[in-house]
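For reference, the structure discussed in these notes is given below.
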Amino acid sequence: MFRGSFEHALDNKGRLSIPSKFRDVLVGKGDERIVMTNFLIDSQRCLDVYPIDAWLRFEEEVRKKPKFDPRMVRFQNYYLGSACECSLDTHGRILIPPVLRKYADLKR
Numbered sequence: 007m008f009r010g011s012f013e014h015a016l017d018n019k020g021r022l023s024i025p026s027k028f029r030d031v032l033v034g035k036g037d038e039r040i041v042m043t044n045f046l047i048d049s050q051r052c053l054d055v056y057p058i059d060a061w062l063r064f065e066e067e068v069r070k071k072p073k074f075d076p077r078m079v080r081f082q083n084y085y086l087g088s089a090c091e092c093s094l095d096t097h098g099r100i101l102i103p104p105v106l107r108k109y110a111d112l113k114r
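Here you go:
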């Protein structure tokens, strides 16, 4: 869980520098992979980010839910269907996939 907020700009390639405080939470176990997906908060489009191990546990819990429940189908299509696995580079930056940048209306 993150606490606090930071404002950062995207570079020309769509990369975001992750503050070290957040990097420690995301990759604390040495795995540089994270999962990023779309999210809504009060009709505001944003992105949700998980360390890879937390995402895999989350997917496992979703698999236990009823497969043909229309609400679960919508949720899976929306949330899981847009998930992208990404890695932090050696400078602590993450390349936000173009589809997610567009979804969240992220600009430089």
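Residue numbers 7 to 114, in the working numbering, belong to the letters of the sequence shown in order. Where a beta carbon is used, it is the ideal one built from N, C-alpha and C, also for glycine. Here the structure is a predicted model, which is why all the values come from computation and not from measurement.
Note on geometry: alpha-carbon atoms of residue 111 and residue 74 lie some 32 Å from one another. As computed with DSSP, residue 45 is found in a beta bridge with 52. Just so you know, the alpha carbons of residue 20 and residue 36 end up roughly 24 Å apart.
With fewer than 16 neighbouring CB atoms inside 10 Å of its own CB, residue 78 falls in the exposed class. Straight-line measurement puts the Cα of residue 83 at about 16 Å from the Cα of residue 41.
In this structure, DSSP gives residue 13 a state outside helix and strand, which the three-state scheme calls coil.
With a 10 Å radius around the Cβ and a threshold of 16 neighbouring Cβ atoms, residue 55 comes out buried. The continuous alpha helix (DSSP H) containing residue 65 extends over residues 58 to 69.
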